[in-house]
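Visitor: Numbering (the working numbering), first residue to last: 4 to 174.
Even for Gly, the Cβ is constructed at its ideal location relative to N, Cα and C.
It should be emphasised that the depicted structure is a prediction, and the values quoted were computed from it without experimental measurement.
First, the structure itself, so that you have it in front of you.
See below:
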């Protein structure tokens, strides 16, 4: 990673663009969305860069006006901003799901212990098992499922905060 990306304590992702149309999704005639293949390339390159490094995305291309550069920067920032928001929402949903599972799990376990005389033995054990399954599901959600979304959120946030530079074509 240090040999390929890190320069002066910043990670640099270099992208060669032969034609300015490569920035845009060509199916959109107004050129207001970014090319998915370009985003995929940047995202893949950034996956292995530790979060402690600030990222510079450096495009090597010719013939871009200042307005086009600003538009491209805005499209990239918007894309990664939406990804950060999506991951943040997913993490919140995971926490809410885990909280609900915990509450219901604790409720079922308490019911199995409190209503020992009212319920017959089979129903008591079923409620007890359901309670523990819900508690384990909550634990799994908090410790494992949410961690993937948190890592993705950090990666997207790193790309959202990246400096985007434009240079003449790479020789």
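1. My parser needs the beta strand (DSSP E) runs of 3 or more residues fully inside the region 98 to 156; what are they?
2. Indicate whether the contact test is met: 3 or more Cβ pairs, each with one atom in the region 155 to 173 and one in the region 57 to 73, closer than 8 Å.
3. Quick one: Cα of residue 138 to Cα of residue 155, how far?
4. Quick one: Cα of residue 165 to Cα of residue 68, how far?
5. Within a Cβ cutoff of 6 Å, which residues of the same chain sit near residue 48, ignoring the five residues on either side of it in sequence?
6. Straight-line CA distance for residue 83 to residue 147?
7. Between residue 101 and residue 145, is the Cβ-Cβ spacing less than 8 Å?
8. By Cβ distance below 6 Å, which residues in the same chain neighbour residue 18 in space, the five residues on each side in sequence not counted?
9. Quick check on this structure: which residue in 14, 157, 21 has the alpha carbon closest to the alpha carbon of residue 90?
10. Measure the alpha-carbon distance for residue 130 versus residue 99 and round it to whole angstroms.
11. State the start and end residues of the unbroken alpha helix (DSSP H) segment that holds residue 61.
Guide: Inspection of the coordinates gives the following:
1. none
2. yes
3. 25 Å
4. 21 Å
5. 16
6. 23 Å
7. yes
8. 62
9. 157
10. 22 Å
11. Where residue 61 is concerned, there is no enclosing alpha helix (DSSP H), although the beta strand (DSSP E) it sits in stretches over 57 to 63.
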